[in-house]
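First residue of the sequence shown? That's 154 in our numbering, and the numbers climb one at a time after it.
The beta carbon of each residue, even a glycine, is placed where N, CA and C say it ideally should be.
Source: prediction; values computed, not measured.
Beneath this line is the structure, given in structure tokens, with notes to follow.
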Amino acid sequence: MIDPLRAAEMLGHRLTKNRRHLARWARREQVTCWRLYDRDIPDVPITVDDYEGALVIADCRRARHDEVLDDGWLDAVAGAVRDATGVVDLHHKTRRRMADRHATGAQYQRLGEGGAWREVGEGGRRFLVNLSDYLDTGLFLDHRRTRALVAAEAAGKRMLNLFAYTGAFTVHAAAAGAATTMSVDLSNTYLDWAAENLRRNRIDPRRHALERADVLAWLNAYRGPRFDLVVVDPPTFSNSKKMQGSFDILRDHVALLAGVARVAAPGAVIWFSTNHRGFALDERALPGFARPERSHDTVPPDFGYSRPHRSWRFSAAAGGQPRPGG
Ligand SMILES: C[S@@+](CC[C@H](N)C(=O)[O-])C[C@H]1O[C@@H](n2cnc3c(N)ncnc32)[C@H](O)[C@@H]1O
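Quick look at the structure:
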């Protein structure tokens, strides 16, 4: 049995240490939203994210913790976070693994109506986050560096953002001078949120389109101008009444990337990422492209231990054009 008081005490020490260590880095890099604690202690399976002074505690208990970590434990943990940081603006999310999500497809449901909306900054851009009502806040902090890398090569490009969520990649690319962007997502809620993020960054909607569609169907149907820069950051699994069948990253990534190659211009760059822990990139994915893994560059120091995602930058291999399809 884990003693809740002991766990809370260990957490307090670790938070103080992490804060001291990371605050210096965050100041230097002008990062204002960052992960303060990332399941560092096995007996304290939570994450704590700082959104410009408001803290989000995500409860990551798994089924195996249920008998030893009750809700009293969570209260003790929240108290320890408050004591160690002095922050009272605390929010709480349950990030339990959904064993039956293949059956329900429920990974993106709304959690509550707390309405804790905030505007925060990242790399000079502004983003609307919600700290209380959804499983995720609207800004995935582990992709902060990926967004900067994409922005760094976006100027003048036709950019495509697949599984665009709240449009964070799009905002960075558009603000960095992308000629056009196209953001595709299945969810009207997230596309409305993306539209608001674009508006807050004064991005012209006439050149920056948002499209509600199932990505695989959209890729098959698309006949417009090809894209020079593509971001593909799919969920591990999804199903919805709005799409045919389901999407499974392990099963479907070769077909997905083949679809991307069909809409990519010669010389295009494709950033692909997944947070599936057991993911193995299939050799048949994007034949003819150079495919260095870039996780080392994209995972930021505040996520150092947890390997939150893996990423690859695909580009036309020297001496030949990539073959479309796969
Ligand atoms: C993991 S998030 C993507 C994160 C996003 N790329 C970012 O970094 O902010 C998953 C998103 O994929 C969308 N989605 C899930 N299945 C989809 C599908 N088949 N077609 C289009 N969008 C889908 C969800 O609505 C959600 O916005």
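Query, Result
"To the nearest angstrom, how far is it from the Cα of P454 to the Cα of R300?", "15 Å"
"Quick check: is any heavy atom of ligand 1 less than 8 Å from the C-beta of L339?", "yes"
"Can you name the start and end residues of the beta strand (DSSP E) that G274 belongs to?", "270 to 275"
"Which complete alpha helix (DSSP H) runs does the region 378 to 433 hold, if anything under 4 residues is left out?", "402 to 416"
"What are the boundary residues of the alpha helix (DSSP H) that H174 is part of?", "157 to 182"
"Could you name the residues of the same chain whose beta carbon sits closer than 8 Å to that of L189, not counting the 5 residues immediately before and after it, in chain order?", "L168, N171, R172, L175, V201, D202, D203, L208, T238, D455"
"Report all residues from its chain with a CB closer than 7 Å to the CB of P157; omit the five preceding and five following residues, and keep chain order.", "G225, W226, A229"
"Cα separation between V413 and F390?", "18 Å"
"Using a 10 Å radius around the Cβ and a threshold of 16 neighbouring Cβ atoms, would you call Y287 buried or exposed?", "buried"
"Span of the alpha helix (DSSP H) holding R352?", "341 to 353"
"Would V282 and N314 be called neighbours here (beta carbons separated by less than 9 Å)?", "no"
"Determine, using beta carbons only, whether V413 comes closer than 9 Å to chain C.", "Note that chain C does not occur in the displayed structure, where there is just one protein chain."
"How big is the Cα-Cα spacing for R177 and R215?", "33 Å"
"Comparing alpha-carbon positions, which option in V452, E349, F442, P461 lies nearest H429?", "P461"
"Is the beta carbon of I423 closer than 9 Å to that of R466?", "yes"
"Say the cut is 8 Å; is the CB of D228 nearer than that to a heavy atom of ligand 1?", "no"
"Report the CB separation of A307 from A321 in whole angstroms; it is logged as a contact under 8 Å.", "Not quite, the Cβ-Cβ distance comes to about 13 Å (not below 8 Å), so this is no contact."
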